Amino acid sequence: DAGVTQSPTHLIKTRGQQVTLRCSPKSGHDTVSWYQQALGQGPQFIFQYYEEEERQRGNFPDRFSGHQFPNYSSELNVNALLLGDSALYLCASSLAITPKETQYFGPGTRLLVL
Amino acid sequence: AQSVTQPDIHITVSEGASLELRCNYSYGATPYLFWYVQSPGQGLQLLLKYFSGDTLVQGIKGFEAEFKRSQSSFNLRKPSVHWSDAAEYFCAVGARYNFNKFYFGSGTKLNVKP
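Chains as they are written, first to last, in this note's numbering: chain Z, 1 to 114; chain H, 115 to 228.
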């Protein structure tokens, strides 16, 4: 059973560009959450998708947007990249937005903005 | 507002010694509490979780944690550390009304001396 997968593993962009990161949830999971982990920090919640809709959002600007597809996979898009967007982006999946469901995390995509 | 504090940025212990990693949280009610471990290049792996009931929680890899409501703490312990335990450890809190939106601490990096 494949766990959460993310692509690409690493990415280098320049300021002002746009980037798309991809996530495939663990088999059977229908909820995907995205986190940003800056160097030396804990992950920060960006947003969560369930039934192809954004259900929850953290304190991130509108430059951060996402999408969830019918097969539950998800994309994170970041527009007008800033140097401060350099981070490890983690995707987590779970089964339904109900309490006590464990989130499973992918290995992340490391984004470097130059 | 919810928050998680991990007071120790780095901890070094000798192999075979006991370990305690501290975690304090701020939340208006009883939260859901988690400990995750992150090895270099890896995603976050769940060690253990607390929802309710017995305040001493057993996890994987010989870890345990104790929820102390009066101290707003959820410290992680292991009686005998192995070299393979060297990693970064994150404490997280999830709201009972919004379980999948986690708040993470900034992490404690554990080094293990041979």
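Note that the Cβ used here is the ideal one computed from N, Cα and C, for glycine as well.
Model, not experiment: these values are computed from the prediction.
Burial state of residue i, where buried means 16 or more other Cβ atoms lie within 10 Å
| i | result |
| --- | --- |
| Phe177(H) | buried |
| Phe218(H) | buried |
| Lys182(H) | exposed |
| Leu224(H) | buried |
| Ile46(Z) | buried |
| Leu114(Z) | exposed |
| Leu112(Z) | exposed |
| Ser132(H) | exposed |
| Phe69(Z) | exposed |
| Gly167(H) | exposed |
Candidates the options: closest to residue i by CA position
| i | options | result |
| --- | --- | --- |
| Gly58(Z) | Pro8(Z), Leu114(Z), Ser33(Z) and Leu111(Z) | Ser33(Z) |
| Thr119(H) | Lys215(H), Lys227(H), Val207(H) and Pro228(H) | Val207(H) |
| Pro193(H) | Lys175(H), Ser187(H) and Phe204(H) | Lys175(H) |
| Ser73(Z) | Ser65(Z), Thr31(Z), Thr20(Z) and Phe60(Z) | Thr31(Z) |
| Phe64(Z) | Thr9(Z), Val4(Z), Thr20(Z) and Tyr104(Z) | Thr20(Z) |
| Leu82(Z) | Arg15(Z), Ser7(Z) and Thr5(Z) | Arg15(Z) |
| Glu129(H) | Pro154(H), Lys215(H), His196(H) and Ser166(H) | His196(H) |
| Lys163(H) | Thr126(H), Gln185(H) and Phe216(H) | Phe216(H) |
| Tyr203(H) | Phe165(H), Arg191(H) and Tyr150(H) | Tyr150(H) |
| Gly66(Z) | His10(Z), Lys13(Z) and Gln18(Z) | Gln18(Z) |
Reduced DSSP secondary structure (H/G/I, E/B, other) of residue i
| i | result |
| --- | --- |
| Leu82(Z) | coil |
| Ser198(H) | helix |
| Gln172(H) | strand |
| Ser220(H) | coil |
| Ser166(H) | coil |
| Ser186(H) | coil |
| Gly208(H) | strand |
| Thr102(Z) | coil |
| Ala115(H) | coil |
| Leu111(Z) | strand |
Problem set entry | Against chain Z: residues of the segment 134-164 of chain H by CB proximity under 8 Å | Contact residues of the segment 134-164 of chain H toward chain Z are Tyr146, Tyr150, Gly155, Gln156, Gly157, Leu158, Gln159, Leu160 and Lys163 (C-beta to C-beta distance below 8 Å).
Exercise. Can you list, in chain order, the stretches of the beta strand (DSSP E) that have 3 or more residues and sit fully within the segment 118-163 of chain H?
Worked result: Runs found: 124-128, 133-135, 138-140 and 146-152.
Exercise. Where in the segment 3-79 of chain Z do unbroken runs of the beta strand (DSSP E), each at least 3 residues long, occur, reported from the N-terminal end onward?
Worked result: 5-7, 10-13, 19-24, 31-37, 44-50, 53-57, 64-68 and 74-78
Exercise. When Cβ atoms are compared, which residues of the segment 166-181 of chain H fall closer than 8 Å to chain Z?
Worked result: none
Exercise. In chain order, what residues of the segment 183-195 of chain H put their CB closer than 9 Å to some CB of chain Z?
Worked result: Those would be none; no residue qualifies.
For this session: Compile a chain-ordered list of the residues in the segment 51-66 of chain Z whose CB is closer than 8 Å to at least one CB of chain H.
Result: Gln56 and Gly58
Exercise. What residues from the segment 25-46 of chain Z come within 9 Å of chain H, judged by C-beta to C-beta, listed N to C?
Worked result: Thr31, Ser33, Tyr35, Gln37, Gly40, Gln41, Gly42, Pro43, Gln44 and Phe45
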